[in-house]
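**Q** Take a look at the following structure, please.
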Amino acid sequence: MHEFALVKELLDTVLGQAEIHGIKKIKNIKVVTGELTATMPEALEFSFETLSHNTSADGANLVIENRSLQLQCRECNHTFNPKKLKYSCPECTSKLTEIISGREFFVEYFEGD
Ligand SMILES: [Zn+2]
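According to my numbering, the sequence shown is numbered sequentially starting from 86.
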């Protein structure tokens with residue numbers, strides 16, 4: 086379950102930031118996770134509940150946004166969501182494509198008092 090390691094890193098970041106900003110009780114945390122990161126929401130929630138226990142993020146609401154995989158063609162700049170892991174451009178069939186979205190895992194924002 087790689088979610089545990091991801092959430093641990095995320096929580097370290099959030100708790101560090103909360104301390105800097107004098108936030109004692111974190112209420113909401115918005116997390117963005119990409120299709121290629123392949124996280125399961127239940128596993129994220131479970132990891133979060135376990136790891137945040139007795140921290141200022143204990144009981145915080147985790148808002149999870151999933152971003153689908155997006156590629157951009159370097160030949161014609163067409164952006165697309167690839168099907169079945171075929172990464173060639175549907176417009177010009179070029180294989181020179183790069184991932185522009187889908188690999189992310191980060192905290193977009195968090196709030197608290
Ligand atoms: Zn193209």
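All C-beta atoms, glycine included, are put in the ideal place defined by N, C-alpha and C.
Tell me which residue opens and which closes the alpha helix (DSSP H) that residue 137 is part of.
**A** By 1-based counting over the sequence shown, the position of residue 137 is 52. Its alpha helix (DSSP H) spans residues 126-137.
**Q** For residue 167, which of 155, 160, 111, 134 has the nearest alpha-carbon?
**A** In the sequence shown, the residue the question calls residue 167 occupies position 82. Cα-wise, what sits closest to residue 167 is 155.
**Q** In this structure, what does DSSP give as the bridge partners for residue 150?
**A** Here residue 150 is taken as the residue at index 65 of the sequence shown, counted from 1. Per DSSP, 117.
**Q** Closer than 8 Å is the cut-off here; do at least three beta carbon pairs connect the region 122-134 with the region 158-172?
**A** No, the region 122-134 is not in contact with the region 158-172.
**Q** Counting pairs of Cβ atoms below 8 Å between the region 139-149 and the region 171-182, do you hit three or more?
**A** They do not touch, by the three-pair rule.
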